[in-house]
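Structure first, then comments.
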Amino acid sequence: MERLDLSGLTGMTAAVIRQVREFTPFLRKHGFRVGTPETLTALRCLTEADLSMPEELFLALRSVYARSPAEWASFPHLFKRHFLNQGTRLEEKKRVQAEERSGNSRSPTVTQDHPPILSFAMQPGSSPSQGERYALQADPSRLRAVLAVSKRALRQFDSPPGRRFRRGGRDRVNLRATMRGSVRYVGEPLRLHWQQYRPDRPSVMILIDISGSMKEYAPFMTTLAWSFTRLRLRCEVFVFSTRLKRVTHLVARKAIQGIPVSELAELKGGTRIGEALEELLYKYGGLLRRHTFVIIASDGFDAGHPERLRSALRTLSERVRHVVWLNPLLGDPEYEPISSGMSAAMPYIHRLVDVHDLESWRQAVEESQIFQPSSVPVTPLSVRTQDV
Amino acid sequence: MVDDRVEKLRKHLQDAKYVADEGLAMVLYLAQRLNRPLLLEGPAGVGKTELAKAVSVVRGVELIRLQCYEGLDAAHALYDWDYPKQLLLTRAAFSGEAGGKAPDIYTDRFLIERPLLRALKTKPAPVLLIDEVDRADEEFEALLLEFLSEFQITIPERGSYRAEVPPTVILTSNRTRDLSDALRRRCLYYWLDYPSVEQEAAIIALHVPDVAPTVARQIARAVRRLRKWSLLKPPGLAESIDWARAVAELAAGELDESVTRLTLGCLLKTQEDMELVREKGLALLWNA
Numbered sequence: 177m178e179r180l181d182l183s184g185l186t187g188m189t190a191a192v193i194r195q196v197r198e199f200t201p202f203l204r205k206h207g208f209r210v211g212t213p214e215t216l217t218a219l220r221c222l223t224e225a226d227l228s229m230p231e232e233l234f235l236a237l238r239s240v241y242a243r244s245p246a247e248w249a250s251f252p253h254l255f256k257r258h259f260l261n262q263g264t265r266l267e268e269k270k271r272v273q274a275e276e277r278s279g280n281s282r283s284p285t286v287t288q289d290h291p292p293i294l295s296f297a298m299q300p301g302s303s304p305s306q307g308e309r310y311a312l313q314a315d316p317s318r319l320r321a322v323l324a325v326s327k328r329a330l331r332q333f334d335s336p337p338g339r340r341f342r343r344g345g346r347d348r349v350n351l352r353a354t355m356r357g358s359v360r361y362v363g364e365p366l367r368l369h370w371q372q373y374r375p376d377r378p379s380v381m382i383l384i385d386i387s388g389s390m391k392e393y394a395p396f397m398t399t400l401a402w403s404f405t406r407l408r409l410r411c412e413v414f415v416f417s418t419r420l421k422r423v424t425h426l427v428a429r430k431a432i433q434g435i436p437v438s439e440l441a442e443l444k445g446g447t448r449i450g451e452a453l454e455e456l457l458y459k460y461g462g463l464l465r466r467h468t469f470v471i472i473a474s475d476g477f478d479a480g481h482p483e484r485l486r487s488a489l490r491t492l493s494e495r496v497r498h499v500v501w502l503n504p505l506l507g508d509p510e511y512e513p514i515s516s517g518m519s520a521a522m523p524y525i526h527r528l529v530d531v532h533d534l535e536s537w538r539q540a541v542e543e544s545q546i547f548q549p550s551s552v553p554v555t556p557l558s559v560r561t562q563d564v
Numbered sequence: 285m286v287d288d289r290v291e292k293l294r295k296h297l298q299d300a301k302y303v304a305d306e307g308l309a310m311v312l313y314l315a316q317r318l319n320r321p322l323l324l325e326g327p328a329g330v331g332k333t334e335l336a337k338a339v340s341v342v343r344g345v346e347l348i349r350l351q352c353y354e355g356l357d358a359a360h361a362l363y364d365w366d367y368p369k370q371l372l373l374t375r376a377a378f379s380g381e382a383g384g385k386a387p388d389i390y391t392d393r394f395l396i397e398r399p400l401l402r403a404l405k406t407k408p409a410p411v412l413l414i415d416e417v418d419r420a421d422e423e424f425e426a427l428l429l430e431f432l433s434e435f436q437i438t439i440p441e442r443g444s445y446r447a448e449v450p451p452t453v454i455l456t457s458n459r460t461r462d463l464s465d466a467l468r469r470r471c472l473y474y475w476l477d478y479p480s481v482e483q484e485a486a487i488i489a490l491h492v493p494d495v496a497p498t499v500a501r502q503i504a505r506a507v508r509r510l511r512k513w514s515l516l517k518p519p520g521l522a523e524s525i526d527w528a529r530a531v532a533e534l535a536a537g538e539l540d541e542s543v544t545r546l547t548l549g550c551l552l553k554t555q556e557d558m559e560l561v562r563e564k565g566l567a568l569l570w571n572a
């Protein structure tokens with residue numbers, strides 16, 4: 177625990193200390209994971225800063241409390257609200273009646289027959305200029321069940337040998353332990369110590385299409401992504417529409433209460449899967465290892481150039497272990513995956529399965545064994561559309 | 285009064301050819317005063333590593349750099365024992381050459397200092413740069429925790445080493461993976477973004493004095509525009525400086541279409557980006 181020298185605080189009034197102390201719970205309410213150590217550090221910073229200058233106070237506290245780019249961006253607004261009493265107050269969740277939602281705000285109040293609907297600031301917002309955009313929220317009632325199925329899915333991943341070793345096994349002689357042990361025998365390496373490669377944690381990358389056509393399936397896909405972040409594996413989550421955004425930390429921490437539209441500001445309406453995959457390859461290529469399992473959740477309706485999708489997916493499938501495409505529309509008997517996007521993608525994916533809810537997810541994992549890597553060479557891939 | 289000290293730090297950094305804004309200078313000042321490591325995150329090429337170099341120049345101390353990579357472990361980052369020497373001494377002792385006394389093989393003589401231990405023992409306290417910490421494994425992050433909170437390393441055979449004067453520690457990350465909360469909470473945090481046009485022009489002028497101020501501003505505006513075009517590899521500060529150097533080398537008084545075409549390779553590093561910029565038109569750049 178950090179120690180605070182009280183003599184340094186003599187320049188501060190009790191009111192200032194109280195205000196700083198209350199700032200931590202205020203930030204926690206807005207998703208910051210901060211506690212007493214941060215309060216103590218902030219107070220220490222204040223002994224260095226000039227309290228009469230809000231800018232200085234702001235700069236000091238920002239570096240203490242913000243820990244990620246998202247927190248870095250939202251901090252100025254929260255600082256103004258708490259210390260300067262400025263900015264909008266969205267704290268109270270507005271209770272909106274059904275009639276209000278339909279635009280008729282002057283209608284009589286709703287009776288018991290109409291249960292009140294909570295409207296969160298993070299709920300879907302759409303604007304014709306930006307295409308349809310919506311917030312992401314995991315389905316709280318399904319979390320446990322989806323997590324249980326995802327745990328079973330984890331058993332299908334093969335754990336590759338890592339770079340690190342553990343004692344025992346017969347992969348290699350552990351020279352360091354052997355030499356150290358030989359000191360006991362006057363430098364003669366009488367006893368060989370062995371080591372073997374430690375299995376690496378499986379690595380999974382989930383790409384979720386959040387274009388308008390996938391809106392209906394977004395809660396389930398978000399729940400699915402959240403469940404993977406709770407397992408013992410290396411998991412990265414991305415969402416895409418016309419562009420790509422990495423949301424691993426948002427899904428891991430905020431998926432339950434919801435990821436607001438403002439967090440996904442750079443993503444516009446429409447779908448360009450090829451461009452998004454290209455961005456993934458160039459910007460986050462380091463995350464794609466030869467043992468990575470890639471899960472793409474999309475209906476395959478693509479407004480981009482099919483050739484870009486084909487080329488990007490080919491490169492992706494060459495670099496990773498296994499590509500699974502979850503298409504929520506496959507369960508519909510009238511649907512056929514013949515859209516330009518799906519046709520371009522088919523040759524380069526290992527499994528194309530219908531996953532749109534908990535039952536279909538369980539079926540895909542338990543019956544179809546979708547994460548069992550095939551022994552067939554990766555390129556060219558044979559299409560396995562067992563559920564089609 | 286604090287303002288004066290922060291301003292002074294900014295000036296010193298500028299003398300070391302690093303242009304820092306008020307926020308960065310303030311955080312750097314606080315990190316030194318509170319003896320806290322500073323975690324810098326931001327896009328590639330905004331000058332995170334350069335800051336550590338500049339701080340070492342300003343303070344006139346050694347810069348110790350630990351470049352992180354996957355598989356980095358304690359033996360490469362903290363310390364290691366010199367096993368061959370230990371073995372030779374042991375053999376000599378048992379063959380009677382060392383007077384038959386049981387040798388102590390866990391002394392400083394056999395301790396190989398790796399960057400973190402060296403940072404604790406070096407006087408005056410150096411600047412320690414732990415570069416691209418996100419590339420190392422999670423296990424390595426756990427190793428760092430003791431060092432970052434206590435400026436101390438525990439060697440089971442010897443006990444703990446603690447720095448008399450803590451080094452200035454700067455960690456950088458490009459966010460190829462999320463760092464643990466435990467590591468983040470030990471550091472002060474700063475998100476280092478691309479500079480404003482004025483700042484970038486000042487940086488260019490500082491590094492390439494031959495280039496005219498108007499051209500420096502033109503270059504800064506053009507690069508800023510390029511960064512908004514969702515390129516596969518957006519140009520960083522190093523690219524801007526390279527471009528300015530190339531323009532100065534061509535002795536061009538101002539940017540025009542031919543100069544831009546000739547020097548585009550300084551800015552763009554992939555064929556796809558080149559095509560995109562050519563499609564949009566070079567005029568958008570040199571007219572910026």
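These protein sequences, in sequence, are chains A and B. Each residue of the first sequence is one higher than the one before, counting from 177 in my numbering. Each residue of the second sequence is one higher than the one before, counting from 285 in my numbering. Glycine is no exception: its CB is placed at the ideal position from the N, C-alpha and C atoms. Small disclaimer: the values here were computed from a predicted structure and weren't measured.
Rounded to whole angstroms, what is the Cα-Cα separation between residue i and residue j?
i: E512 of chain A; j: D305 of chain B; result: 56 Å
i: L296 of chain B; j: Y241 of chain A; result: The residue you asked about is not Leu; residue 296 of chain B is His in the sequence shown. Going by the C-alpha atoms only, they are around 27 Å apart.
i: R545 of chain B; j: M558 of chain B; result: 10 Å
i: L312 of chain A; j: L440 of chain A; result: 9 Å
i: D334 of chain A; j: S379 of chain A; result: 10 Å
i: G537 of chain B; j: W513 of chain B; result: 27 Å
i: Y390 of chain B; j: T374 of chain B; result: 12 Å
i: W365 of chain B; j: F424 of chain B; result: 19 Å
i: Y460 of chain A; j: L368 of chain A; result: 42 Å
i: R468 of chain B; j: V417 of chain B; result: 11 Å
i: L489 of chain A; j: E454 of chain A; result: 9 Å
i: F431 of chain B; j: L222 of chain A; result: 25 Å
Please return the same chain residues whose Cβ sits closer than 7 Å to the Cβ of residue i, not counting the five positions on each side in sequence.
i: Q345 of chain B; result: The identity of residue 345 of chain B in the sequence shown is Val, whereas the question assumes Gln. Correct list, in chain order: P408, A409, P410, V411.
i: R320 of chain B; result: C471, L472
i: E232 of chain A; result: A225, D226
i: Q548 of chain A; result: Q332
i: R406 of chain A; result: L323
i: Q370 of chain B; result: I389, F394
Drop a sphere of 10 angstroms on the beta-carbon of residue i, count the other beta-carbons inside from all chains shown, and report buried for 16 or more, exposed for fewer.
i: S444 of chain B; result: exposed
i: E451 of chain A; result: buried
i: S480 of chain B; result: exposed
i: D385 of chain A; result: buried
i: T498 of chain B; result: exposed
i: A447 of chain B; result: buried
i: S417 of chain A; result: buried
i: A190 of chain A; result: exposed
i: R466 of chain A; result: exposed
i: R484 of chain A; result: buried
i: Q555 of chain B; result: exposed
i: Y361 of chain A; result: exposed
i: P504 of chain A; result: buried
i: P451 of chain B; result: buried
In chain order, what residues of the same chain have a beta carbon less than 8 Å from the beta carbon of residue i, not counting five sequence neighbours either side?
i: P230 of chain A; result: F259, L260
i: V303 of chain B; result: L297, P479, Q483, A486, I487, L490
i: H425 of chain A; result: S244, A246
i: W570 of chain B; result: Q502, A506, L539, D540, E541, V543, T544
i: V575 of chain B; result: The question about residue 575 of chain B has no answer here: the residues shown for chain B are numbered 285 through 572.
i: V492 of chain B; result: A500, I525, A528, R529, A532
i: S389 of chain A; result: T447, D475, F477
i: I435 of chain A; result: M298, A311, L312, Q313, T398, V423, L426, V427
Spatial neighbours of residue i within its chain, please: C-beta separation below 6 Å, excluding the five flanking residues on both sides.
i: V413 of chain A; result: I382, A401, V423, T424, V427
i: P340 of chain B; result: Inspection of the sequence shows that residue 340 of chain B is occupied by Ser rather than by Pro. Same-chain partners within the cutoff: L347, V411.
i: L293 of chain B; result: A309, Y313
i: R508 of chain B; result: V481
Below 7 Å, is the gap between the Cβ of residue i and the nearest heavy atom of the ligand NAD?
i: D462 of chain B; result: You won't find the ligand NAD in this model; it holds no ligand whatsoever.
Can you give, in chain order, each stretch of the alpha helix (DSSP H) that sits fully within the region 333-388 of chain B and has at least 4 residues?
358-361, 367-378
Kindly provide the ranges of any beta strand (DSSP E) runs that are 3 or more residues long and lie completely inside the region 463-505 of chain B, ordered along the chain.
472-475
Can we say the region 421-437 of chain B touches the region 203-215 of chain A, given the rule of at least three CB pairs closer than 8 Å?
no
Inspect the CB distances between the region 366-378 of chain A and the region 340-354 of chain A and report whether three or more fall short of 8 Å.
yes
In chain order, which continuous runs of the beta strand (DSSP E) of length 3 or greater are located wholly inside the region 451-512 of chain A?
468-473, 498-502
Would you call the region 331-338 of chain B in contact with the region 355-365 of chain B, where contact means no fewer than 3 C-beta pairs closer than 8 Å?
no
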